[in-house]
Amino acid sequence: MKRWLVFTDLDGTLLDEDYGWEAARPAVEALRAASIPIILNSSKTVAEMAAIRDEMQLDGCCIAENGSVIYTAPLHADVEVLETSIRDELVALAGRLRKVHGYRFEGFSDWQVRDVMQLTGLSRVEATGSMRRQATEPIIWKDTQERLEMFIKQLHEAGVMLVRGGQFWHLMLAQTNKGMAMLEVLDRYQQREPDTLWGTVALGDSPNDWSMLERADVGILIPRTDREVDLGRFPGVRRASFPSAYGWNDAILSWLSEIKEEVECE
Ligand SMILES: [Mg+2]
Numbered sequence: 000m001k002r003w004l005v006f007t008d009l010d011g012t013l014l015d016e017d018y019g020w021e022a023a024r025p026a027v028e029a030l031r032a033a034s035i036p037i038i039l040n041s042s043k044t045v046a047e048m049a050a051i052r053d054e055m056q057l058d059g060c061c062i063a064e065n066g067s068v069i070y071t072a073p074l075h076a077d078v079e080v081l082e083t084s085i086r087d088e089l090v091a092l093a094g095r096l097r098k099v100h101g102y103r104f105e106g107f108s109d110w111q112v113r114d115v116m117q118l119t120g121l122s123r124v125e126a127t128g129s130m131r132r133q134a135t136e137p138i139i140w141k142d143t144q145e146r147l148e149m150f151i152k153q154l155h156e157a158g159v160m161l162v163r164g165g166q167f168w169h170l171m172l173a174q175t176n177k178g179m180a181m182l183e184v185l186d187r188y189q190q191r192e193p194d195t196l197w198g199t200v201a202l203g204d205s206p207n208d209w210s211m212l213e214r215a216d217v218g219i220l221i222p223r224t225d226r227e228v229d230l231g232r233f234p235g236v237r238r239a240s241f242p243s244a245y246g247w248n249d250a251i252l253s254w255l256s257e258i259k260e261e262v263e264c265e
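At position 6 of the sequence shown (counting the first as 1) the number is 5 in numbering that gives the first Met the number 0, and the numbers step up by one without a gap.
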C-alpha cells in the first residue's frame, strides 16, 4: 500500500505574512480526511511550532531549526534533548569572526524580545518562543556582498554554514539541512510500517527549503513576491500558482486530485 507524508515549511509557505494559515484550511482538512500526516519542517524553534501544531491539531512529529531538531509526538513528552547547545557554539564562532574582521551583522543573540517582535511582527509570546533556540542562529547581514562571501568561507572552514531563509540568514552546522531531516523522519515511518510504501511531498519558498524540495517525490515551490526562483536546477520541482497559504492550498488540492485513486479516505 502506498501512503504519503507532506513536509512543509511555515513562513512564506503555509503561513501568510500575518502568520495565519486560514487560506490553507481546505487543503489541511482534505489531508486530514485522507489520513496524510503534515510534518512541519521550519527554521522555527520547537517552542514556536508547538503552538502552531496545536492550532492545526497535528499529531505527527515536527522538524525544527532547519532540520537540526526532530521532535516526535507527543511534543512535550518525547523530547530529544541536545547535550550541549550547538547554538551557543555557533554564536560564539560568529561573534569571534565579527570581532576580528569587523563584520556588520546582528542576530537573535544580540536582540531583546521587543527587537524580535519589531523585526518579525510576532507577538510577545511568539517572539519569546522564537528565541528559545537550540541549534541555529538567525542573523541579518548588514555588510557588503563581498564580505558576506568572506564570512561564509570562514564559517565553512569551521564546519558551519549560512543558509538563506525568508527574512534571515541562518547559522547552522554544515552537515544539517531540512532535506536530510525529512529523510530521517521518512525512515522512522518506514520502520514503523515496513509494508507501506511511503511517498513524500515537500513545500517551501526559500533556499533553506531546496534540500527538502529536491529530495521529495513531489517538490512544490511556493513563489515569493519579493524574489524569483529559477527552477532550472531543480528538475521535477513544480511551482505553485500563488504565494504562501493560498498557493499552498491550491497546490495541495491539485496534487490530491491527481492521486485521488491512491488515497483511501477513512
Ligand atoms: Mg519560508
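Heads up, the beta-carbon is just placed ideally off N, CA and C, and yes, glycines get one too. Because the structure is a prediction, the values reported are computed rather than measured.
Contact set, ligand 1 heavy atom to C-beta under 7 Å: D8, L9, D10, G11, T12, G164, G165, G203, D204, S205 and D208
Sufficient close CB pairs (3 or more, under 8 Å) joining the stretch 113-129 to the stretch 142-149: no
Endpoints, alpha helix (DSSP H) assigned at A23: Taken as a continuous stretch (DSSP letters only), A23 belongs to no alpha helix (DSSP H), as it is neither H nor E.
E64 - DSSP class collapsed to helix/strand/coil: coil
Counted within 10 angstroms of its Cβ, other Cβ atoms place S256 as buried (16 or more) or exposed: exposed
Straight-line Cα distance separating T7 from R232: 20 Å
Given 8 Å, three or more beta-carbon pairs between the stretch 20-37 and the stretch 104-118: no
Nearest to H100 (by Cα), restricted to the options D58, I258, F150 and Y70: F150
Nearest residue (CA-CA) to L170, options G218, L202, Q111 and A157: A157
For A173, the three-state DSSP class (helix, strand or coil): coil
Residue closest to D186, alpha-carbon to alpha-carbon, out of N40, T199 and Q174: T199
Under the three-state DSSP convention, the category E125 falls into: helix
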